[in-house]
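To keep things clear, I will list the structure first and then write my remarks on it.
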Amino acid sequence: MPSVLGVLERRERVALARAEELRAELEGLQAAVAEADEAARRAVIAREETVAALGELADEAAVPGAPVGAPVVEPVVGVVGPRVEVPFWSEGLGIDALPPDCARIVALVERDAAGGGDGVRARAMREDLGWPASDAREQAARFRAKRLAERGWLTEGRPGLFRPRAA
């Protein structure tokens, strides 16, 4: 039969070992907290310095004669129009999931194929969309058709000739 003192000594050793493990874990956690506090402090300083630098730039770029604090409107260069988000084709997804112009392009290509056509070119798409006759609008229609082909809604058999997606 084990002695009572032996059992108590064993319990004491186990408790002391557990306390030492927890102290080591606590030291690691305290170091991690100190590291996170330092990262937060650096982020606050960076934000404050950025705000100050942007304020200085805004003061330098202020339009002469404009009221102080008035926003400076700069023209956006190179922007043609809004970007059209086209989802990838998947089973069960109808053309109603497409933006209106893209849905009309897909419908036109499907009508052409149903009538036995060889495919639709960008000029016909532009005309069907009711866009004015210009190279820019034709390129916009071609770009949308290519995007539709990349996303699986159409195919481009020959360059610039769009047909419905193969079933």
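Just so you know, we're using the numbering used here here: the sequence shown kicks off at 47 and counts up by one. Built from N, CA and C at the ideal position, the CB exists for glycine as well.
Query	Result
Proximity winner among 84, 190, 199, relative to residue 138 (alpha-carbon distances)	199
Per-residue burial, residue 151 [other beta carbons within 10 Å of its own, 16 or more giving buried]	buried
Residues of its chain near residue 93, where Cβ-Cβ distance is below 7 angstroms and the 5 sequence neighbours each way are ignored	none
Environment of residue 172 [buried if 16+ CB atoms lie within 10 Å]	buried
Per-residue burial, residue 208 [other beta carbons within 10 Å of its own, 16 or more giving buried]	buried
DSSP-derived helix/strand/coil call for residue 144	coil
Sub-8 angstroms separation of residue 147 and residue 103 beta-carbons	no
DSSP three-state assignment for residue 139, whether helix, strand or coil	coil
Distance, residue 143 Cα to residue 191 Cα	16 angstroms
Between the CA atoms of residue 167 and residue 187 - distance to the nearest angstrom	9 angstroms
Candidates 181, 211, 135, 131, of which the one nearest residue 157 by Cα	211
Euclidean distance between Cα positions of residue 83 and residue 54	43 angstroms
Cut-off 8 angstroms between Cβ atoms - residues of its own chain near residue 154, not counting five sequence neighbours on either side	166, 170, 171, 174
Completely contained beta strand (DSSP E) runs for the region 171 to 211, where each covers 3 or more residues	200 to 204, 207 to 210
Counterpart residues of residue 166 in DSSP-defined beta bridges	208
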